[in-house]
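According to this note's numbering, the stretch in the sequence shown is residues 504 to 643, in order. Note that CB positions come from ideal geometry on N, CA and C, so glycine has one too. Here the structure is a predicted model, which means the values were calculated and not measured.
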Amino acid sequence: MDHEVADRLRSAAPLAFADLPVRFAYLYGSRAAGRPRPDSDVDVGVLCEDTVTEPERVASRCADALRAAADVGGIEVTVLNGAPIRFLGRVLRQRIVLYSRDEPGRVAFESRVGRMADDVEIWAGPTDHELIAAIADGRR
């Protein structure tokens, strides 16, 4: 894990998200996994209030607020509401919690999505491997 970036984001998040509809936020990706390259961005996932209707706008505002509060560049924010379950599963496997204003909701989200992501991997995993093998063998 990139401790310096995670600590700066964690410290800055309450100020950055004070006026935004963010329930909780995670660092994920190469920086959370401890394998950043020099050109790696800083991947942050946010789960917002259900009333959010413009997730792209919220993501942009979150990224701007975090950049300013943490003095960290290269921040890419993704709103997790409505994201594909496999993506959410990957975020949760790599997650570093940066912020939570709804701790019971965060724990429930992680439990529910984790179970669903595991189920998807069990059922879709072999299909993916078969497809990849078919492509590699020139059958697709």
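Complete runs of the beta strand (DSSP E) confined to the segment 520-569 [at least 3 residues]: For the segment 520-569, the continuous beta strand (DSSP E) assignments of 3+ residues that do not extend past its boundaries occur at 525-531 and 545-551, in sequence order.
Within the segment 577-629, ranges of the beta strand (DSSP E) (whole runs, at least 3 residues): Taking 3 residues as the shortest admissible run, the segment 577-629 contains the following complete beta strand (DSSP E) segments, listed from N- to C-terminal end: 578-582 and 599-603.
Val623 versus Arg589 - alpha carbon distance: Roughly 7 Å between the two C-alpha positions.
DSSP state of Val575 mapped onto helix, strand, coil: When DSSP states are grouped into helix, strand and coil, Val575 belongs to the coil group.
Buried versus exposed call for Gly641 [16 or more other C-beta atoms within 10 Å across all chains shown]: Here Gly641 is exposed, its C-beta having fewer than 16 other C-beta atoms within 10 Å.
Candidates Val525, Arg526, Leu530 and Ala521: closest to Arg511 by CA position: Among Val525, Arg526, Leu530 and Ala521, the Cα nearest to that of Arg511 belongs to Leu530.
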